[in-house]
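Just below is one structure, and these are the notes that go with it.
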Amino acid sequence: MEKVLLRNVDAPESHTLEVYRARGGYRAWEKALREMAPERVTDEVKASNLRGRGGAGFPTGMKWGFVPKDNPKPKYVVCNADESEPGTFKDRLLIEKDPHAVIEGTMIAAYAIQSHTAFIYIRGELSFGATVLQNALDEAERAGYLGKNILGTGYDLDVILHRGAGAYICGEETGLLASLEGGKGWPKVKPPFPATHGLFGCPTVVNNVETLAAVPWIIDRGAAQYTALGTEKSKGTKLFSVSGHIQRPGVYEVEMGYSFKRFLEEDCGGVRNGKKLKGVIPGGASMPVLRAEEIDGVTMDYESFQAAGTLLGSGGVIVMDDSTCMVRAAWNIARFFAHESCGQCSPCREGCHWMEKIFRRIEHGEGRAGDLDLIQSISGNIAGNTICPFGDAASWPAAAFIKKYREEFEEHITKKKCVRME
Amino acid sequence: MDPVKLTIDGREVAATKGQTVIQAAAEAGISIPHYCYHPKLAIAGNCRMCLVEIEKMPKLQIACNTQVAEGMAVKTQSAKVVEARRAVMEFLLINHPLDCPICDQAGECRLQDYYMEHDLKGSRFEERKERDRKREIFGPHVVFDGERCVKCTRCVRFVQEVTRTEELTVVNRGDQSTIALFPGKILDNPLSANVVDICPVGALTDRDFRFKVRVWYLKKTASVCPGCSTGCNVSVESYQNRIVRFKPRVNEAVNSHWICDEGRYCFHSLTDGERLSAPLIRQEGGLVPTDWETALHVALSGLRAAAPLAGIVSGRNTNEEAFLFARLMKRLSSEAALEVFYRERALTETEKILMSPDRSPNFRGARDMGAGTDGNHNSLAARLLEGKFRGAYLVGEDLAALEGDGGIEQRRALEKLAFLVVQDSRLTATAKLAHVVLPATHFGEKEGTYTNRRGRVQKLNAAVVPPAGALQDWQIFARLLSKMGDGRSFAGPAQIFQAISEEIPAYRGLTYERVGDQGVLLAGETKRL
Ligand SMILES: Cc1cc2nc3c(=O)[nH]c(=O)nc-3n(C[C@H](O)[C@H](O)[C@H](O)COP(=O)(O)O)c2cc1C
Ligand code: SF4
Ligand code: SF4
Ligand code: SF4
Ligand code: FES
């Protein structure tokens, strides 16, 4: 398979402008600027069927098309580089190894919606990535790809790098915008949506790093080449961050529709130390876990994961072997969400901690009959009833762990201890 | 204003485009439970109490942020909605201290009320509750209990959007979220205590009212703030015949949902202290108690013999009182000089949101009644100092005690008068100089009307009963008038208002009933505050 996203990362000095250009970089930018009207760029991305890689899978071209053309306010593009979903580290690879692709994609998106200021909001902890990106931005500006009257076309664009201060919720697009505005990272109630009322109340497009990194390739090669990859409904390729009890962890680029089982067993070398697979979370910590036997026949694309009762999410594949205590795993994830809930809305603020406290009790041998149903009920009361999808992200995994490994939870409760952690 | 038709719980409701479901429902008399929504603050959508079911939408929607649409079918009582509400109540209560027995909010608390309506179940929460600050002083009037707070952010939005003073914010995340003062700030803006009113629970309480009375014992009287001529609508709340607090009463033409702190607490200075319980007359050696008949007789004959006469009425006297006072003084001497007491001070920008510069709530009305000219009492006081008058009748203002405001000179001028009648509720420094002191009432004991700065006539109602021995100001004037042979008898404020509507052109055609509890604008007045 020809690599779309990881096409440059293995080249020596791939982060430099020189290497990037030598490998065809900024060709798409010049093409867009010189040969394509802004709407044509959006149309091309629409035709590619590229879907957002930040987790929600929203069609990217359609998102750009929502930005009103007659709105007199400034428009903004924000590259979401806050990557904080546990088990997800694909954006980081692109940022550190192919920063110019991320920047070029951001620039093309900006041109498509006629924005003159774009932002890259990077997770605070990614300080090396921030340095790499800033250097790349400086290089691009010196080369005349950014700034005023770019390449003599009269088009102006600045790209501003902004570092977050350490909150998972600032990856949620409206939380991100609130933070970028200088406020607390509190997601905003919708409607209105960012496309019309985003950053500082102006029309704004927020896209994930991986989404934007695919754009230069699509513009350079044309949508048809992109749609030639993947399945009926999931086009192109997707990055998967593989971690946990696996032989070869790392970031993999996979053509949509690839066999999940084959991917884990062959590409990633299977479960490490000869152990057996117990479960796998395919889409980052916020997505429902699959039991080992559930992955048979599943392919790596939006439809198939959904049919299996989970979601592609951010593509953070977390592999758990048969030595894993699923109660502890569930508690770990619940603890993460309890810690990261922004605290704005009642169900999430109170419910996440409540679930965490119950999981902790069960793991410590203090579980009670009724606890499992109680968690299921709390989870159900949070999901769908909150300001932002964090509520779903926190409640789905809790419910899924109990549903899929109920016998193990019950064992903890009846034996009043965790047999695995002894 | 495009009309939109929708149904709420099967009932057809007429709304306008741009309205939210919660607004349309409220107008149709359907109240959707809510904490964070407040009609005067930006939508926060954080409490999730207002979740409703909307046909064709898979998920429940918050009524406070969902706009009405033609043909929309809203359900506010379906099983799904009731369950969601119960769940939100449960979430809000898991870390709540449930200290209702020692909470001032008990009895007017949304957590209590909605629990009774929507939950009524034991708690499934058996973990350790999170703790927070129990009594942090936020400012001169407001104290915070973090454990009771439901994080609705109404208080934060109030200081952001209404006063723009930004003292408060939310700090921390998740269940550690709490309301805090910005470093170096205290909640001391001129409207600060409104946060207590809008806090739906007992997290913000009023330091002045705290632990005084359980609210269910309060008697609530719709009235008007006597603080200034904005004339904010208030509920005067009393217990055992003592006023214990003011709460704002909503009037969009005047004060919306707010009152200022100065107004809120002004009842203390206006009602505290020992009351006069009998009329006093000056005899050798000082003032001695007497009966009303004697006092009125002495007052009348003294005033008759003391022309030229000056009369000053308080800006807190009602229109009805001022009307009779003017009638009385003109009967005593067609040359009598009359003015209404007036004092003002410069206001800050934040004060200007609501307050008027004066301390005379009925300055305009009293002048309309003929109790004052285009000026105010200051010109009259200056003439008093010059010795231009021999007699004076002063009502409800302690001229001799005006600190740093000519008090000493006023005192000397008053001492020089041949005859001075003072009518007040307390034995003031001015009253001590009088030849006759007539015990009257304060604003909280009166019924009648005030006319605010913008020409809105509004009704005062008596919240408490005056002490035995005092008379209503209007009664005193009416008795003096009848002693002078005035043929018209006045049986009460309503009848006096009737006379006003006949005799004062600007008030022509008004009736006491029409004034109601929201007031009426005088003809030709269109301004709102
Ligand atoms: C709790 C939460 C955290 C999120 N974190 C990220 C993130 O770190 N990076 C990201 O790109 N999208 C994140 N998202 C998704 C964004 O809200 C948004 O959908 C995405 O940035 C849109 O870009 P895309 O259409 O290119 O996927 C998060 C969503 C939620 C609910
Ligand atoms: S769902 Fe959670 S993270 Fe999202 S706004 Fe509500 S409290 Fe904050
Ligand atoms: S203190 Fe009261 S008004 Fe402020 S957030 Fe808490 S509950 Fe709401
Ligand atoms: S603004 Fe005036 S009328 Fe309103 S509460 Fe304050 S003092 Fe009273
Ligand atoms: S009132 Fe609608 S969410 Fe609070």
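As they're listed, the protein sequences go chains A and B.
Mapping of the first sequence onto the working numbering: residues 23 to 444, in sequence order.
Mapping of the second sequence onto the working numbering: residues 1100 to 1628, in sequence order.
Glycine included, C-beta positions come from ideal geometry on N, C-alpha and C.
Arg1511 of chain B sits in a helix when the DSSP states are folded into three classes.
Excluding its 5 nearest sequence neighbours in each direction, Asp414 of chain A has C-beta neighbours in its own chain below 7 Å: Ala405 and Gly406, listed in chain order. In this structure, the straight-line span from the alpha carbon of Thr1550 of chain B to that of Phe1308 of chain B is close to 29 Å. The continuous stretches of beta strand (DSSP E) do not include Lys170 of chain A, and DSSP gives it neither H nor E.
Residue contact check for Gln328 of chain A against chain B: no CB pair falls below 8 Å.
With distances taken between CA atoms, Ala352 of chain A lies nearest to A:Leu312 out of A:Glu372, A:Leu333, A:Leu312 and A:Val231. For the segment 223–243 of chain A, no residue has a beta-carbon sitting nearer than 7 Å to a beta-carbon of chain B. Contact of Glu52 of chain A with chain B by beta-carbon distance below 8 Å is absent, the smallest such distance being about 44 Å. For the pair Thr1447 of chain B and Leu1453 of chain B, the Cα-to-Cα distance works out to about 11 Å. Neighbours of Val1187 of chain B in chain A, taken as residues at a C-beta separation under 7 Å, are given in chain order as Ser368 and Pro369. Not one heavy atom of ligand 3 is found less than 7 Å from the C-beta of Lys1139 of chain B. Taking a Cβ-Cβ threshold of 9 Å, the residues of chain A close to Cys1146 of chain B are Cys367 and Ser368, in chain order.
If you look at Met342 of chain A, you'll find it in the beta strand (DSSP E) that goes Gly338 to Asp343. With a 10 Å radius around the Cβ and a threshold of 16 neighbouring Cβ atoms, Phe1345 of chain B comes out buried. Those residues having their beta-carbon less than 6 Å away from any non-hydrogen atom of ligand 2 are, in chain order, A:Ile191, A:Pro209, A:Ser363, A:Cys364, A:Gly365, A:Gln366, A:Cys367, A:Cys370, A:Arg371, A:Thr408, A:Ile409, A:Cys410, A:Phe412 and A:Gly413.
A check of alpha carbon separations from Gly76 of chain A across A:Met58, A:Pro94 and A:Asn102 identifies A:Asn102 as the nearest. By the rule that beta-carbons nearer than 8 Å mark a contact, Lys1158 of chain B touches chain A.
By the criterion of at least three beta-carbon pairs nearer than 8 Å, the segment 1196–1212 of chain B is in contact with the segment 1289–1300 of chain B. Within chain B, no residue has its beta carbon less than 9 Å from that of Glu163 of chain A; the closest one is some 36 Å off. Of all residues in the segment 1213–1232 of chain B, those with a C-beta nearer than 7 Å to a C-beta of chain A are Arg1223, Phe1224 and Glu1226, reading in chain order. Asn1354 of chain B has its Cβ no nearer than 7 Å to any heavy atom of ligand 5. With contacts defined by Cβ atoms closer than 8 Å, Ser263 of chain A and Gly338 of chain A form a contacting pair. For Val1269 of chain B, the chain A residues whose Cβ falls inside 9 Å of its Cβ are Lys206, Trp208, Gly365 and Gln366, in order along the chain. At a beta-carbon threshold of 7 Å, none of the residues of chain A lie near Ile1153 of chain B; the nearest stands roughly 13 Å away. Remark: the C-beta of Ile241 of chain A is outside contact range of ligand 3, defined as less than 7 Å to any heavy atom.
For Leu1191 of chain B, at least one C-beta of chain A is nearer than 8 Å to its own C-beta. Here DSSP, grouped into helix, strand and coil, assigns Thr1472 of chain B to coil.
Residues of chain B with a Cβ closer than 7 Å to the Cβ of His375 of chain A are, in chain order, Gly1273 and Asp1274. Shown in chain order are the members of the segment 386–412 of chain A whose Cβ falls below 9 Å from a Cβ of chain B: Arg390, Gly392, Leu396, Ser399, Ile400, Gly402, Asn403, Ile404, Gly406, Asn407, Thr408 and Ile409. Thr196 of chain A is a Cβ neighbour of Lys210 of chain A, given a cutoff of 8 Å. The alpha-carbon separation between Val154 of chain A and Tyr133 of chain A amounts to approximately 23 Å. The segment 353–367 of chain A and the segment 280–288 of chain A do not touch, with fewer than 3 CB-CB distances between them shorter than 8 Å. For the pair Ser401 of chain A and Gln328 of chain A, the Cα-to-Cα distance works out to about 19 Å.
Distances taken from the Cβ of Ser263 of chain A to the heavy atoms of ligand 1 include none shorter than 7 Å. Runs of the alpha helix (DSSP H) spanning 4 or more residues and lying entirely within the segment 1282–1361 of chain B occur at 1293–1297, in chain order. Using a cutoff of 7 Å, the CB of Gly1238 of chain B does not count as near ligand 5, since none of the ligand's heavy atoms is closer than that.
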